[in-house]
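Numbered per the numbering used here, the sequence shown finishes at 542, counting up by one with no gaps. Written below as structure tokens is the structure these notes are about.
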Amino acid sequence: MTTAAATISGYLKQKTPFFGSHEWITLGLVLLAFAIPALTANPQALSQANLILIAATAALGVYIMLRLDLMSFAVPSFMAIGGYTVAVLSLRLGVTDVVVLGLAAFLVPALCAVPLGWLILRLKGVYFVLVTFVLTEIVQLLLFEAAPLTGGSNGLVGMPAVRFFGFELWDNSHVLLTTTGLAFAGFLVTAIFTRRFRYEFAAIEKNDVLAESLGLACWKYKAMAFAVAAGVSGLAGFALVNMLMTAHPTSFAPMSSVNYITYTIVGGKGSILGTLVGAILLVSATDYFALRGELSPGLFGLLIIVVTLLAPGGVIGTVMTLIGSLRARGTRWLGNGPARKAPKGDIR
195 MTTAAATISG YLKQKTPFFG SHEWITLGLV LLAFAIPALT ANPQALSQAN
245 LILIAATAAL GVYIMLRLDL MSFAVPSFMA IGGYTVAVLS LRLGVTDVVV
295 LGLAAFLVPA LCAVPLGWLI LRLKGVYFVL VTFVLTEIVQ LLLFEAAPLT
345 GGSNGLVGMP AVRFFGFELW DNSHVLLTTT GLAFAGFLVT AIFTRRFRYE
395 FAAIEKNDVL AESLGLACWK YKAMAFAVAA GVSGLAGFAL VNMLMTAHPT
445 SFAPMSSVNY ITYTIVGGKG SILGTLVGAI LLVSATDYFA LRGELSPGLF
495 GLLIIVVTLL APGGVIGTVM TLIGSLRARG TRWLGNGPAR KAPKGDIR
């Protein structure tokens, strides 16, 4: 066997872990949120945890598309579809089982994304950004105008509490448990999907034209990503509607897409952990700056500018770069330590 063949054979025998450290850390942090109701009954703390998990889940829709170098503003649209699907099923049909509603909140937006993806995934760059933003405006208009189905400007009010194996999840702690379950489902689906096709996504992100010329069906992967991103966004819409007990068009305003994009980029668009870190940082900052009254928007914008300038790779990207730099310095220091010092007169 030649050296090259042996090298290839050895490479193929290597077992790469399916999940990386970032995936395990992220899923572990989301699971820890199940313990929050046992630690505190403070309504403000429970509400804050709810908002962070909903924001992080919605930001996954942005993260998935950014893995393909596509900036999507369509997250609020699919959140609305998922949220209103749950509201209609619970109010009009009496469906309250959280598992059934969760499946509907994922599948309906994902199915709606298939024909939409066929229309818009051929676009790139600013054209894709523009069309996805216009899509959120169209969905917003439909929510107001389709009053017989959506309630129009009044929305759908008075949703019944969801149930899990017959147990009614009605108080603040139960709402957080529901949100945590939906967030964990969203993060698990995203982690499995992005890791399963990580090499294909990396090739498309770097140069989709070259990847296509080498036989990679780029459109197929983009369509799958668009559908999964829509489904995950629908789970975030379910969590938001369940927390508010109301489905209203203003909950899915088009400009909210800017927030979800910001969470992803500030946290670090190259890692699933970045969506969670970005949501924790910026949602907490929003709550803190709200105490400053009219200065709140300016302070929030200043924070984003500072983080973006100091950490262009996002918080997670910058931390990983620092860790890599420290490891490299440590390796060089060990290699040049006293035990390895050359004697006098030795010329290297």
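The beta carbon of each residue, even a glycine, is placed where N, CA and C say it ideally should be. None of these values were measured; they are calculated from a predicted model.
Our two residues, Glu399 and Ile466, have alpha carbons roughly 16 Å apart in a direct line. Per DSSP, the beta bridge partners of Ala441 are Leu350. Beta-bridge pairing by DSSP links Phe361 to Phe358. Distance from the CA atom of Ala441 to the CA atom of Gly375, rounded to whole angstroms, is 20 Å. As computed with DSSP, Asp291 is found in a beta bridge with Arg357. For Lys318, no alpha helix (DSSP H) segment is defined, and its DSSP state is neither H nor E.
By the CB criterion at 8 Å, Ala298 and Leu283 fall inside the cutoff.
A straight-line Cα-Cα distance of about 51 Å links Ile275 and Gly524. Taking a cut-off of 8 Å on C-beta distances, the segment 468-476 touches the segment 507-526, as three or more cross pairs fall below it.
Closest in C-alpha terms to Pro237, from the list Leu225, Leu287 and Val369, comes Val369. In this structure the segment 333-342 touches the segment 446-464; the number of beta carbon pairs closer than 8 Å is three or more.
Secondary structure of Met449 (DSSP, three-state): coil.
Inside the segment 390-423, DSSP marks whole alpha helix (DSSP H) runs of 4 or more residues at positions 392-407, from first to last along the chain. Contact annotation, Val224 with Phe378: C-beta distance approximately 5 Å; criterion of less than 8 Å satisfied. Of all C-beta pairs linking the segment 429-439 to the segment 299-309, three or more are shorter than 8 Å, placing the two stretches in contact. Taking 8 Å as the cut-off, the Cβ atoms of Ala385 and Phe213 count as close. The beta carbons of Leu262 and Phe395 sit about 6 Å from each other, so the pair counts as a contact at 8 Å. By the Cβ neighbour-count rule, Ile517 is exposed, with fewer than 16 other Cβ atoms within 10 Å of its own. Taking a cut-off of 8 Å for Cβ pairs, the segment 264-271 and the segment 315-326 touch, as three or more such pairs fall below it.
For Pro231, the enclosing alpha helix (DSSP H) covers residues Ile230 to Leu233.
Take Trp364, set aside five residues on each side of it, and the residues of its chain with a beta-carbon closer than 6 Å to its own are Ala355, in chain order. The beta carbon of Thr458 sits closer than 7 Å to those of Ala253, Val256, Tyr257, Leu260, Gly468, Thr469 and Gly472, all from its chain and outside the five residues before and after it, given in chain order. Around the beta carbon of Asn453, 16 or more other beta carbons lie within 10 angstroms, which makes this residue buried. Shown here, Pro309 sits in a helix according to DSSP, grouped into three states.
Note on Glu217: 16 or more other CB atoms within 10 angstroms of its CB, so buried under the neighbour-count rule. Sorting Arg392, Arg357, Ile455 and Gly492 by C-alpha distance to the C-alpha of Asp291 places Arg357 at the top.
The residue among Gly277, Leu520 and Leu410 with its C-alpha nearest the C-alpha of Tyr393 is Leu410. Looking only at Ser450, Leu497, Thr372 and Tyr415, the smallest Cα-Cα distance to Asn244 is reached by Thr372.
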